[in-house]
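Using the numbering used here, the first residue of the sequence shown is number 343, and each one after it goes up by one.
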Amino acid sequence: MATPIMHIILTDKIYEERFSDCDKKEFILWTLFPDIRYLDKDIPRESTHIENVSLETINSLTTCFDKWVHFHSLVDHIRDEFYVSRWIYIPGGEEDFIMALKLLEDQYLYSKVKNRDEYIIFFDDIPYDKIANIRKESLDKWYTMIKEETISGPNDISRRKFQTELWLSKEYTDKINGIIHKLQDNEEILHLIDEFYESFWSLITK
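Here's what the structure looks like:
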C-alpha cells in the first residue's frame, strides 16, 4: 500500500496527461480518503478498499467519489505487485522494512510534485456532504494531517508527527526513521523506486 504522500506524488505525475478532464480537487481528496481508516478505527478496511479493481472498472463508475476511491485501491495493488515481482518483499513480510520503504519513497520522490501549493488549498475545503457517514472531526483531522506533511515535506520530524497521530509510538517511528537512514543510500532500492515511478502508468494499464 502507498502512503498519502505517495498517492499525491503519483496523481500529480499522471493527472495532466491522463485525467485532466476530471476535477483535480475531487481526484486528490477522494483518492486520499480511504486510508482515513488508520485514524478512525471505527471504519472497517472493506468499506474504503476494494479488491480486484482495474482501470476498466474505474472508468465504468458514475461518480467521482467512487472512481477515485477505487483508484486508490488500484494504486495500492499495483505498487505492492511491483515490489513483490522484484523480490524486494513478500506479502506479510518484514513489516518494519515495508513501512520504511513506503516512507523512503515519499522522501525520495517528493521533489517531483509540481503542484503542491494547489493541493494544500484543496485540504481547506472538504465537501462533507459527499461522505456524510464519516465523522466531520475525523475528516478534518485526516486532511489537516496530510496538509501539514505536504507543507513540510517528508522528513524525520514530519514522519514522527504523522505516525504518532495514527496512534503509533515515538519509539516505533524512531525505529522506522533509523531504517530509512540505512536505506536512503542503497542504490538498488533507489533505482527500483525510480523504476516504479517512471513506469507507473504502464503498470496500471498492462
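Built from N, CA and C at the ideal position, the CB exists for glycine as well.
Only a predicted model underlies this, so the values are computations on that prediction, with no experimental measurement involved.
Burial is judged here by how many other beta carbons sit within 10 angstroms of a residue's own beta carbon; Glu540 has fewer than 16 and is exposed.
Taking a cut-off of 8 Å for Cβ pairs, the region 346-354 and the region 444-459 touch, as three or more such pairs fall below it.
A check of alpha carbon separations from Gln526 across Leu508, Trp484 and Pro496 identifies Pro496 as the nearest. Under the DSSP assignment, Ile463 falls in the alpha helix (DSSP H) whose first and last residues are Arg458 to Phe464. For Asp382 against Arg477, the beta-carbon gap comes to about 7 Å, under 8 Å, which counts as contact.
Per DSSP, reduced to three states, the secondary structure at His414 is helical. For Pro346, the uninterrupted alpha helix (DSSP H) run begins and ends at Pro346 to Arg360, by DSSP. Between Ile488 and Leu374 the beta-carbon gap is near 6 Å, inside 8 Å, which marks them as a contact. Classified as buried, Trp410 has 16 or more neighbouring CB atoms from the shown chains inside 10 Å of its CB. C-alpha of Leu451 to C-alpha of Glu388: approximately 29 Å in a straight line. Taking C-alpha positions only, Arg379 is separated from Ile522 by approximately 25 Å.
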